[in-house]
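Undergrad:
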Amino acid sequence: MSHRPKRKTAMMTAEVVPSSSVAVAKEVAKSEMACSPEKKIKLSEESKGSTSGVPTEDNTEEEIQKYMEQTFEIRRTFITEEMPAILLLKETYPLLFKGRQMLAEFQRITTLDIDHMIQEYCVKYASIIIDIAKHTSGSNPILRQAESIKQQNQALKQYWDMVTALCLIPMLLKENLVEMVREIGEDDEVDPKGKIVPILISKGTIFKSDEFILVVEEEVVQEFEEFTIALATLFSAYWVFNMQYPRTLNNTYNFIQKAILHHRDGTPLPPLCKQLIQRLQKAGASSSSRARMS
35 MSHRPKRKTA MMTAEVVPSS SVAVAKEVAK SEMACSPEKK IKLSEESKGS TSGVPTEDNT
95 EEEIQKYMEQ TFEIRRTFIT EEMPAILLLK ETYPLLFKGR QMLAEFQRIT TLDIDHMIQE
155 YCVKYASIII DIAKHTSGSN PILRQAESIK QQNQALKQYW DMVTALCLIP MLLKENLVEM
215 VREIGEDDEV DPKGKIVPIL ISKGTIFKSD EFILVVEEEV VQEFEEFTIA LATLFSAYWV
275 FNMQYPRTLN NTYNFIQKAI LHHRDGTPLP PLCKQLIQRL QKAGASSSSR ARMS
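In this text, residue positions in the sequence shown follow this note's numbering: the first is 35, and each later residue adds one.
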């Protein structure tokens, strides 16, 4: 996202051996939290804004929302100018990592309701994406899992079509879903080591899991039960933490930003994204024409 200031350099793959700069940043964050109480007090006082105190999870959703809105400007300045490590950001603004606050923060930044817009897009295009993928090499593993889970619960067919379409988009853009979502065993422990840019860890396969863990800068950021909310939060994380999209998912994230969310930034649409958009629009127009004739 070239229109926004670069965050501190992040490694451009989902899993790497941490560079020395990352290690230093983590140590600095730990040092600041442990050894600079006056800075912590200053940040805490600033973050209170006009409220009488910092709310906790015990406060109402309305109180938390009000606090997060009141502290938004100073939080954005803190993130974009001081570029804190995630560890320090979690210490300073713990409520940002609770519930749907990451999605709310994305909306405060962009004015877009990402959860609603992804659902709206999938209602229109999920079946078309699935149809295109049926004729695309490499799609069978995802399609087989999707068909199996839909057979078990036809009432949730529309939801599973949405999950399927979202999982197929990277492949249709010649990228790899595993760079976004890494599956581990249901009983395996999540190992955040080496995972720098935002990534989801699924305990079990995506179509059977109800545990999705967001990891950023070797820190477990948040856990989710529902894939679509987890994926929306994964994308939002790049904006909330002011991070650039990794090269390995540049097409996928640009597609989400510019095709699904219609959020243009003045940069050109990658060619593969443009081609996929045209294919979807053409197929959608053809489908609408057939529906009118029937």
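Ideal Cβ positions, reconstructed from N, Cα and C, are used throughout, including at glycine.
Could you compute how far the alpha carbon of D28 sits from the alpha carbon of S243?
TA: Since the displayed the chain opens at 35 and closes at 328, residue 28 lies outside it and no answer follows.
Undergrad: Going by beta carbon distance, what residues of the same chain come within less than 8 Å of R178, once the five residues before and after it are set aside?
TA: The answer is none, since no qualifying residue turns up.
Undergrad: For the pair the region 102–118 and the region 132–149, tell me if three or more CB-CB distances fall below 8 Å.
TA: Contact between the region 102–118 and the region 132–149 is present, because at least three Cβ pairs lie under 8 Å.
Undergrad: Do you know how far the Cα of E257 is from the Cα of E91?
TA: Roughly 16 Å between the two C-alpha positions.
Undergrad: So R216 is in the alpha helix (DSSP H); what residue range does that whole segment cover?
TA: Taken as a continuous stretch (DSSP letters only), R216 belongs to no alpha helix (DSSP H), being part of the beta strand (DSSP E) at 215–218.
Undergrad: Exposed or buried, what is S70 when buried is set at 16 or more other beta-carbons lying within 10 Å of its beta-carbon?
TA: The predicted model places S70 with a pLDDT of 41, which falls under 50 and marks its position as unreliable, so this point remains unresolved.
Undergrad: Counting pairs of Cβ atoms below 8 Å between the region 276–285 and the region 194–202, do you hit three or more?
TA: Too few Cβ pairs lie closer than 8 Å, so no.
Undergrad: Work out the CA separation of F289 and F241 for me, nearest whole Å.
TA: Taking the straight line from one Cα to the other gives about 23 Å.
Undergrad: Quick one: which unbroken beta strand (DSSP E) runs of 3-plus residues sit fully inside the region 244–291? Chain order, please.
TA: Within the region 244–291, the complete beta strand (DSSP E) runs of at least 3 residues are 246–250, 253–258.
Undergrad: Would DSSP call I183 helix, strand or coil?
TA: I183: helix per DSSP, three-state reduction.
Undergrad: Which first and last residues belong to the beta strand (DSSP E) in which L234 is found?
TA: Taken as a continuous stretch (DSSP letters only), the beta strand (DSSP E) holding L234 covers 233–237.
Undergrad: Going by Cα to Cα distance, which pick from L295, E209, V254, Y159 is closest to L283?
TA: Cα-wise, what sits closest to L283 is E209.
Undergrad: With distances taken between CB atoms, is the gap from P232 to E252 smaller than 7 Å?
TA: The answer is no: Cβ separation not under 7 Å.
Undergrad: If you scan the region 114–181 from start to end, which runs of the alpha helix (DSSP H) of 4 or more residues do you find wholly inside it?
TA: Here the runs fully enclosed are 120–126, 135–144, 148–167.
Undergrad: Note down the Cα distance separating R313 from E95, rounded to an integer number of angstroms.
TA: So the two alpha carbons sit approximately 42 Å from each other.
Undergrad: To the nearest angstrom, report how far apart F275 and L248 are at their CA atoms.
TA: Roughly 13 Å between the two C-alpha positions.
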